[in-house]
Amino acid sequence: GLRAFLDSPYNQVADVKMYYFFADISRTALIVLGVLFLLSIVIRNFWCRYLCPYGALLGLVSLVSPQKIRRDPVSCIDCAKCALACPSRIKVDKVRTVISDECTGCLNCVDVCPVKDTLWLESVPLKRRVPKRLVPALVVGGFVLITGLAMLTGHWQNNMSVNDYIRQRAAIRMYGHPTSLEDISRMNHQAQPRK
Numbered sequence: 019g020l021r022a023f024l025d026s027p028y029n030q031v032a033d034v035k036m037y038y039f040f041a042d043i044s045r046t047a048l049i050v051l052g053v054l055f056l057l058s059i060v061i062r063n064f065w066c067r068y069l070c071p072y073g074a075l076l077g078l079v080s081l082v083s084p085q086k087i088r089r090d091p092v093s094c095i096d097c098a099k100c101a102l103a104c105p106s107r108i109k110v111d112k113v114r115t116v117i118s119d120e121c122t123g124c125l126n127c128v129d130v131c132p133v134k135d136t137l138w139l140e141s142v143p144l145k146r147r148v149p150k151r152l153v154p155a156l157v158v159g160g161f162v163l164i165t166g167l168a169m170l171t172g173h174w175q176n177n178m179s180v181n182d183y184i185r186q187r188a189a190i191r192m193y194g195h196p197t198s199l200e201d202i203s204r205m206n207h208q209a210q211p212r213k
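Numbering (our numbering), first residue to last: 19 to 213.
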């Protein structure tokens with residue numbers, strides 16, 4: 019199913035369809051975006067906290083993350099700066115270990131803590147502190163490694179020619195979002211060049 023979707027004409031021109039969505043935006047879409055914008059002003063991180071599917075995925079991953087934010091209740095002065103700095107409004111100042119599906123490990127709470135070594139990121143399996151500077155290095159290194167491997171193995175670039183793009187773009191209005199394998203099969207058949 020996934021391979022059929024990735025090879026479908028719809029997916030081959032999905033980025034162009036996204037451009038058309040915003041270039042020729044409907045009144046309904048504009049109203050929805052406006053409401054989301056206004057709600058994000060009134061309710062902090064509204065989209066990210068309540069509607070974003072990527073945020074939900076990050077939340078699930080954070081629950082099984084081998085790293086957690088830890089707090090030393092003895093040295094904590096209960097200033098609540100950590101809780102105020104948290105974009106997810108987690109009460110970091112009330113728990114010893116932050117275990118929340120809303121914690122993304124942004125380390126804002128650690129950055130604002132006025133007492134040294136009161137908040138830290140800890141590797142749960144190793145029971146050791148993780149240096150703050152190591153986190154972005156690991157993220158960037160992981161991204162470069164995965165992207166580099168994809169490029170070296172030929173998985174980064176698709177095999178569409180310029181002529182394929184031109185042909186798909188000419189028929190772009192007939193491609194709706196596929197909702198079943200039958201849709202994908204029909205769209206693939208319709209996109210085949212006529213002989």
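Using N, Cα and C, we set each Cβ at its ideal position, and we do this for glycine too.
Predicted, not measured: the structure shown is a model, and the values here were computed from it.
Residues in its own chain within less than 8 Å of residue i by CB, not counting five upstream and five downstream?
i	result
Arg-62	Pro-105 and Arg-107
Leu-139	Gln-85, Lys-86, Ile-87, Arg-88, Gly-123, Leu-125, Val-128, Arg-147, Val-148, Lys-150 and Val-153
Tyr-269	With the chain represented from 19 up to 213, any question about residue 269 goes unanswered, as that position is not in the structure.
Leu-54	Phe-64, Trp-65 and Leu-69
Who are the Cβ neighbours of residue i in its own chain at under 7 Å, not counting the five residues just before and after it?
i	result
Val-130	Lys-99, Cys-100 and Ala-103
Leu-76	Thr-122
Val-34	Arg-187 and Ile-190
Rounded to the nearest angstrom, what separates residue i and residue j at their Cα positions?
i	j	result
Gly-159	Ile-43	38 Å
Asp-182	Leu-156	38 Å
Val-113	Leu-69	26 Å
Val-24	Pro-132	The sequence shown places Leu at residue 24, rather than the Val named in the question. For Leu-24 and Pro-132, the distance between alpha carbons rounds to 49 Å.
Val-60	Leu-78	26 Å
Met-178	Leu-170	18 Å
His-207	Ser-58	43 Å
Ile-164	His-173	11 Å
Phe-161	Val-142	23 Å
Lys-109	Asp-90	14 Å
Helix, strand or coil: how does DSSP classify residue i here?
i	result
Lys-86	strand
Arg-147	strand
Thr-115	strand
Gly-172	coil
Thr-122	coil
Val-92	coil
Ser-203	helix
Ala-189	coil
Asn-63	coil
His-133	Rather than His, the amino acid found at residue 133 in this sequence is Val. Coil.
What residue range does the beta strand (DSSP E) around residue i cover?
i	result
Leu-137	137-141
Where do the ends of the alpha helix (DSSP H) carrying residue i lie?
i	result
Cys-127	126-130
Val-34	32-41
Lys-216	The displayed coordinates of the chain run from 19 to 213. Any statement about residue 216 would go beyond what the structure contains.
Ser-80	71-81
Arg-5	As displayed, the chain neither begins before 19 nor continues past 213, which places residue 5 out of reach and without an answer.
Whose C-beta lies closer than 6 Å to the C-beta of residue i among residues of the same chain, with five residues either side of it excluded?
i	result
Cys-94	Thr-136
Gly-73	Cys-66
Thr-115	Lys-86 and Arg-88
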